[in-house]
Structure formats: C-alpha cells, structure tokens
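A short worksheet on the structure shown next.
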Amino acid sequence: MPLTLFASPGSSSFAPHVVLQEIGKPFELALITHHGPGAGTHKPEFQNMNPKGRVPVLTDGKFVLTESAAILIHLASQNQEAGLMPVGSDGLVRAVEWFNWLSSAVHAVAVRMVWRADFFSDDPATHPAIVSKGHEHLAHAHALIEQRLQDRDFAVGNAYSIVDPYLLVYFRWGNRMKLDMARRFPSWTAHARRLEARLAVQRALAAEKVSLWG
Ligand SMILES: N[C@@H](CCC(=O)N[C@@H](CS)C(=O)NCC(=O)O)C(=O)O
2 MPLTLFASPG SSSFAPHVVL QEIGKPFELA LITHHGPGAG THKPEFQNMN
52 PKGRVPVLTD GKFVLTESAA ILIHLASQNQ EAGLMPVGSD GLVRAVEWFN
102 WLSSAVHAVA VRMVWRADFF SDDPATHPAI VSKGHEHLAH AHALIEQRLQ
152 DRDFAVGNAY SIVDPYLLVY FRWGNRMKLD MARRFPSWTA HARRLEARLA
202 VQRALAAEKV SLWG
C-alpha cells in the first residue's frame with residue numbers, strides 16, 4: 002500500500018501535502034471533507050483509523066500517524082535528502098516551538114473560536130461573543146507572526162523548512178476570514194509569495210483546488 006495522506010482541501014493537511022510534493026516520491030492524496038453534513042472525517046471508516054476524527058492522517062501500510070507537526074517532522078526526518086529539516090543547532094526545537102504554539106493557541110483556540118463557535122458552546126446566543134474574542138486572540142497571534150518574519154525569508158534558520166508551509170496554512174485562513182492579510186502583514190505576505198513561487202506549493206494548491214488569496 003502506498004504512502005497515503007488523508008487531507009481536506011485548504012485545511013491544516015495542506016502543509017504535509019506541500020512537503021510530500023517537495024519530497025517528490027509517489028504518494029496518494031485521499032481528499033475528504035472535514036465539516037458539514039456527511040463529512041468524511043465523521044465517517045466510521047475514517048474514525049476507526051483516527052478516533053480524533055481530524056485530518057491530516059498519514060498512513061504507510063499499518064503505520065498510521067496523526068497531528069500535522071508529527072507528520073511534518075516524520076516526513077522531513079525520513080527524507081533527509083530533501084533538506085526540509087530546520088537548519089542550525091537549535092533548528093528542531095525552534096520548529097517545535099512554532100508547531101506547538103500554532104497548533105494549540107492559534108489553531109485549537111483562536112481559529113476554532115472564529116470558525117467553530119459551536120465547539121465551545123451549544124448556546125447560539127453566545128457565539129457572536131466567542132467569534133469576537135477569537136478574532137482578538139487571532140489579531141494578537143498574527144501580529145506576533147508578522148514581527149517574527151520581519152527581515153527574514155523563512156521561519157527557522159533562514160532556510161526553507163517544514164515550518165514554512167505550516168505557516169502558509171494560517172496565512173491562507175486569514176484571507177479566508179477576509180482579514181486583508183496583504184495590507185496588514187507585509188512581511189508575512191512576502192513569505193507567502195516566496196512560498197507560492199515554489200513548484201511544490203503550486204502543485205498542492207492545484208490538487209486541492211484552493212487559492213492562498215481568498
Ligand atoms: N492538532 C491537529 C488538528 C487537526 C484539525 O483540527 N484538523 C481539522 C481540519 S484543519 C479537522 O479535521 N477538523 C474536523 C472536525 O473538527 O470535525 C493537527 O494539527 O493536525
């Protein structure tokens with residue numbers, strides 16, 4: 002059975018998808034939906050594989066790996082020749098520093114409050130306040146990312162690594178939220194354009210039929 006990435010277009014699985022495209026070895030992309038009625042992530046066969054009911058999932062025969070950060074580190078370390086591991090003596094810990102913060106405070110809290118207020122409360126009357134607070138958390142996180150990307154081409158060690166496509170996911174989500182990322186975050190936008198020039202990113206965007214800009 003080939004290496005398979007279970008992914009949903011434009012979701013956090015976009016980052017490992019880009020990395021698989023960078024590596025260039027054969028893989029299968031299993032695109033499913035992750036929200037709405039009949040979502041692929043809610044189907045029993047998917048939940049048997051990943052009881053968390055989330056994408057991405059990477060499988061290789063009986064090997065099943067969940068969590069974007071773990072999949073990204075696994076792909077980079079198993080394919081050293083692709084040069085996607087963060088460089089420098091503290092490259093890996095800097096990557097983990099990015100991954101932990103982005104996947105917890107930014108994704109699981111701020112982004113989810115904006116897009117999935119129902120996850121935090123069953124009372125629709127509370128949802129506008131949750132969304133508004135989520136935007137507040139997100140604005141703070143976005144400002145920090147912009148600051149970190151000032152005067153550097155890439156997130157870690159100033160060389161392209163597995164952290165960069167993961168940051169690109171959050172940039173795209175900002176545009177999906179109509180936050181006018183290009184005007185508000187010039188350094189992050191330059192980073193996104195630098196990534197968009199890469200063939201692997203173009204291939205992943207085309208395969209998922211999504212754009213970075215809206
Ligand atoms: N911590 C996980 C989060 C994954 C996650 O939340 N994925 C979303 C798409 S971006 C999902 O599958 N959501 C389905 C659901 O909430 O039912 C990771 O970083 O991989």
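Note that the working numbering has the sequence shown beginning at 2, numbered continuously upward.
Ideal placement from N, C-alpha and C gives every residue a C-beta, glycine not left out.
Practice problem: Give me whichever residues DSSP pairs with Val58 in a beta bridge. | Solution: Bridge partners of Val58: Phe7, Thr67.
Quiz item: Taking the alpha carbon of Val170 as the point to measure from, which residue in His138, Ala160, Glu209 has its own alpha carbon closest?
Solution: Minimum Cα distance to Val170 is reached at Glu209.
Self-check item: Anticipated Cβ contact below 8 Å, Asp154 with Arg195, distance rounded
Solution: Confirmed, about 6 Å.
Quiz item: At a cut of 8 Å, does the segment 43-57 reach the segment 85-93 through at least three beta carbon pairs?
Solution: Contact between the segment 43-57 and the segment 85-93 is not established, with fewer than three Cβ pairs separated by less than 8 Å.
Quiz item: When every heavy atom of ligand 1 is checked, does at least one fall within less than 8 Å of the C-beta of Ser122?
Solution: Not under cutoff, so the answer is no.
Practice problem: May I ask you to report which of helix, strand or coil DSSP gives Ala31? | Solution: Strand at Ala31.
Exercise. May I ask you to verify whether the segment 19-33 touches the segment 198-208, counting CB pairs closer than 8 Å and requiring at least 3?
Key: The segment 19-33 is in contact with the segment 198-208.
Exercise. Determine, using beta carbons only, whether Asn51 and Thr34 come nearer to each other than 9 Å.
Key: No, the pair does not count as a contact, with Cβ atoms beyond the cut-off.
Exercise. Indicate, with yes or no, if ligand 1 has a heavy atom lying under 8 Å from the CB of Arg117.
Key: Result yes, Cβ under 8 Å from ligand 1.
Quiz prompt | Neighbourhood of His75 by C-beta distance below 8 Å, restricted to the same chain and skipping five residues each side | solution = Cβ contact annotation for His75 (same chain, cutoff 8 Å, sequence separation greater than five): Leu59, Leu66, in chain order.
Quiz item: Going by the CB atoms, is the gap between Val112 and Trp73 shorter than 9 Å?
Solution: Note that residue 73 corresponds to Leu in the displayed sequence, not to Trp. Result no, Cβ atoms of Leu73 and Val112 do not sit closer than 9 Å.
Quiz item: DSSP on Met86, reduced to helix/strand/coil?
Solution: Assignment of Met86 by DSSP, reduced to helix, strand and coil, places it in the coil class.
Quiz prompt | Start-to-end residues for the alpha helix (DSSP H) that takes in Ser133 | solution = From DSSP, the alpha helix (DSSP H) with Ser133 extends over 128-149.
Exercise. Could you tell me whether any non-hydrogen atom of ligand 1 is closer than 8 Å to the CB of Ala109?
Key: Here the distance from the Cβ of Ala109 to the nearest heavy atom of ligand 1 is below 8 Å.
Quiz item: Within the present structure, is the beta-carbon of Arg173 separated from the nearest heavy atom of ligand 1 by less than 8 Å?
Solution: No.
Practice problem: Answer yes or no: the CB of Thr5 versus the heavy atoms of ligand 1, is any distance below 8 Å? | Solution: No, the Cβ of Thr5 stays beyond 8 Å of every heavy atom of ligand 1.
Exercise. Measure the alpha-carbon distance for Asn176 versus Pro125 and round it to whole angstroms.
Key: Asn176 and Pro125: Cα-Cα distance of roughly 25 Å.
Quiz item: What are the boundary residues of the alpha helix (DSSP H) that includes Asn51?
Solution: Premise fails: Asn51 is in no alpha helix (DSSP H) and is neither H nor E.
Quiz prompt | Residue nearest to Pro187 in terms of C-alpha spacing, selected from Glu98, Leu150, Ala207, Met178 | solution = Of the candidates Glu98, Leu150, Ala207, Met178, the one whose C-alpha sits nearest the C-alpha of Pro187 is Leu150.
Quiz item: Pick from Val107, Ala156, Ala183, Val157: whose alpha carbon is nearest that of Lys134?
Solution: The residue among Val107, Ala156, Ala183, Val157 with its C-alpha nearest the C-alpha of Lys134 is Val107.
Self-check item: Assigned exposure category for Leu213 - 16 Cβ within 10 Å defines buried
Solution: Leu213 is classed as buried because its beta carbon has at least 16 other beta carbons within 10 Å across all chains shown.
Quiz item: With C-beta atoms as the reference, is Ala8 less than 9 Å away from Val56?
Solution: Between Ala8 and Val56, the C-beta gap is smaller than 9 Å, which places the two residues in contact.
Practice problem: Output the distance between the C-alpha atoms of Ala71 and Asp123, rounded to the nearest integer angstrom. | Solution: Between Ala71 and Asp123, the C-alpha separation is close to 31 Å.
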